[in-house]
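If you read the protein sequences in the order shown, they are chains A and B. First residue of the first sequence: 1, per the UniProt record's numbering; consecutive thereafter. First residue of the second sequence: 1, per the UniProt record's numbering; consecutive thereafter. Ideal Cβ positions, reconstructed from N, Cα and C, are used throughout, including at glycine. Shown next, in structure tokens, is the structure this report addresses.
There are 2 protein chains.
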Amino acid sequence: MCRVEHQAGLATALRRGTLEFCVLALLSDGERYGVELVRELGAEIALTTSEGTLYPLLSRLRRVGWVTTSWRESPAGPPRRYYSLTPEGATALDHFRSEWTTFRDAVDRVVGTDRRS
Amino acid sequence: MCRVEHQAGLATALRRGTLEFCVLALLSDGERYGVELVRELGAEIALTTSEGTLYPLLSRLRRVGWVTTSWRESPAGPPRRYYSLTPEGATALDHFRSEWTTFRDAVDRVVGTDRRS
DNA sequence: ACATAGTACCTTGCGGCGCAAGGAACCTGT
DNA sequence: ACAGGTTCCTTGCGCCGCAAGGTACTATGT
Numbered sequence: 001m002c003r004v005e006h007q008a009g010l011a012t013a014l015r016r017g018t019l020e021f022c023v024l025a026l027l028s029d030g031e032r033y034g035v036e037l038v039r040e041l042g043a044e045i046a047l048t049t050s051e052g053t054l055y056p057l058l059s060r061l062r063r064v065g066w067v068t069t070s071w072r073e074s075p076a077g078p079p080r081r082y083y084s085l086t087p088e089g090a091t092a093l094d095h096f097r098s099e100w101t102t103f104r105d106a107v108d109r110v111v112g113t114d115r116r117s
Numbered sequence: 001m002c003r004v005e006h007q008a009g010l011a012t013a014l015r016r017g018t019l020e021f022c023v024l025a026l027l028s029d030g031e032r033y034g035v036e037l038v039r040e041l042g043a044e045i046a047l048t049t050s051e052g053t054l055y056p057l058l059s060r061l062r063r064v065g066w067v068t069t070s071w072r073e074s075p076a077g078p079p080r081r082y083y084s085l086t087p088e089g090a091t092a093l094d095h096f097r098s099e100w101t102t103f104r105d106a107v108d109r110v111v112g113t114d115r116r117s
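See the structure below:
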């Protein structure tokens, strides 16, 4: 089943390579735990994702040192693992912002969605 | 080697799912042949890609009926396969424009690269 | 005639991400 | 005890972009 053939795949493909930086951006505003991140990303329909996506993503971020984690008690339920941004993560996020704006503007020019008309 | 670890991978990941619509957008302006598309995409640094990426991509577009092709003589060199947009391709491009602007704005909000303010 | 360089097309194999599906563990209320 | 909510995580798959390699046609130089 070619990705190009079904509807949902388009948005999924767009999220690729962006989602992790959206997570870093959320964390730059303060630490969060996994399910909380799923919920906050879900507030933006275009960025809605699932735990099956997020947890491996968070593992990668931890492995490369862009986030650190700490376990904390939950008021109700199992303990939560809170993620917080490291300085390296903040640097990576800055770098992404630069790459993203370049990329975004290029796509806008080519497909004709530039907001300056 | 984790994608997140090396520099080039960022831009590559962003291109995912967008490149094919950039191609459609170029074709909406008139038919092109393969190498020509590589060159024109190369004009946008953020969209620069190679033939190893483009030819499989073009095959997919042809398979789903978003483009049709016709062979044409070249003034110097082997014959060229020209790609042109079908009505279905134009519809898909329109649909992408809508999805793209939604996605783009969501990312801008979350990572703080919104051009407002 | 032959080699070289330029043009143009295409294929193979790999790595990585996002996802669906499933599973494990902890707490609370009945 | 048990059901239901919360939270964490893993496995297997599909797909795309890429590097590398391969084929074929034309023009040019010797």
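Check, Outcome
"For A/L85, the residue or residues it bridges with in DSSP", "A/V67"
"Rounded separation between A/L93 and B/G65 - CA only", "39 Å"
"B/L27: first and last residue of the uninterrupted alpha helix (DSSP H) it sits in", "L19 to L27"
"Spatially closest choice to A/V111 from B/E36, B/H95, B/P56 and B/P79, by CA coordinates", "B/H95"
"Beta carbon proximity, B/G112 to chain A, threshold 8 Å", "yes"
"Alpha-carbon to alpha-carbon, A/T53 and B/D105", "22 Å"
"At least three beta-carbon pairs within less than 8 Å, the segment 21 to 36 of chain B to the segment 82 to 89 of chain B", "yes"
"7 Å Cβ cut-off: residues of chain A touching B/G17", "L10, A13, L14 and R16"
"Closest residue to B/L19 among B/L57, B/D29, B/S28 and B/G9 (Cα-Cα distance)", "B/L57"
"Endpoints, alpha helix (DSSP H) assigned at A/L37", "G34 to A43"
"Buried or exposed (CB count within 10 angstroms, at least 16 for buried), B/W71", "exposed"
"When A/V107, A/L26, A/E51 and A/D108 are compared against A/T86, the one with the closest alpha-carbon", "A/L26"
"Same chain, Cβ closer than 7 Å to A/L41, five either side skipped, listed in chain order", "C22, L47, T48 and T49"
"As assigned by DSSP and simplified to three states, the class of A/R16", "coil"
"Separation of B/T113 from A/R97, as counted between CA atoms", "7 Å"
"Proximal residues of chain B, C-beta to C-beta of A/V67 below 7 Å", "Result: empty, since nearest Cβ-Cβ is about 12 Å, beyond 7 Å."
"CB contact flag (B/G17, A/A13, <8 Å)", "yes"
"Beta-carbon gap between B/E99 and A/L10 smaller than 8 Å", "yes"
"Collapsed DSSP secondary structure at B/R80 in the structure displayed", "strand"
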